[in-house]
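Reading through the structure tokens given below for one structure.
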Amino acid sequence: MKTMVKRLCIYATAAAFVSWAPLAHAQQAAGRQGPQADRGQELDNFIKDLNLTPQQQEQIKKQRNEHFEKNRGAGDELRQKRLKLKQELEKEVPDRKLINALVADINTLTARKLQDRVDSILAIKEILTPQQYKAFQEKIRSHAGPRREGPWQ
């Protein structure tokens, strides 16, 4: 049972990363100067290549903005908690209560990010037609580069 849950989590994480990686880079690049500013243009081209209706384009942009607004700072908070955990574990006499609290916080943040990612993917699937979603996945895979092999691919 635990193996099945782990595989499901791995699959969901991999699917989420593959589905949103290029969009995340494009969102982060918004407002930047120089070569990184081209990433915003990449997202526009990405959306245009899917032949979305204007309504679908608006829905995708709204969904993406909601997703990033909801997760703003969660990655930074997760990194900070992991760093604190590492520092505490490296102490000669670590505080077990603090470690347990940090582990619980990290688990909560990780679960929240995973759930948000899965919700976002499902929202995208509702916006796109099956053919558009298939093209979306193929385009993501071509941009994402090689991945590790495993049962989730």
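The numbers in the sequence shown follow our numbering, run straight up by one, and end at 946.
We put the beta carbon where it would ideally sit given N, CA and C, even for glycine.
For residue i, does the three-state DSSP call read helix, strand or coil?
i: Pro887; result: coil
i: Gly868; result: helix
i: Asn844; result: coil
i: Leu882; result: helix
i: Thr903; result: helix
i: Leu921; result: coil
What does the alpha-carbon distance come out to for the pair residue i and residue j?
i: Thr846; j: Asp869; result: 35 Å
i: Ile914; j: Lys890; result: 36 Å
i: Asp912; j: Gln850; result: 18 Å
i: Lys874; j: Asn858; result: 25 Å
i: Asp842; j: Asn864; result: 27 Å
i: Glu919; j: Gly866; result: 27 Å
i: Glu931; j: Glu885; result: 50 Å
i: Leu907; j: Asn900; result: 10 Å
i: Ile840; j: Ala904; result: 29 Å
Could you check how far apart the C-beta atoms of residue i and residue j are, in whole angstroms? I think they sit under 8 Å.
i: Leu895; j: Glu881; result: 7 Å
i: Ala928; j: Gln856; result: Actually they do not touch by this definition, with Cβ atoms about 17 Å apart.
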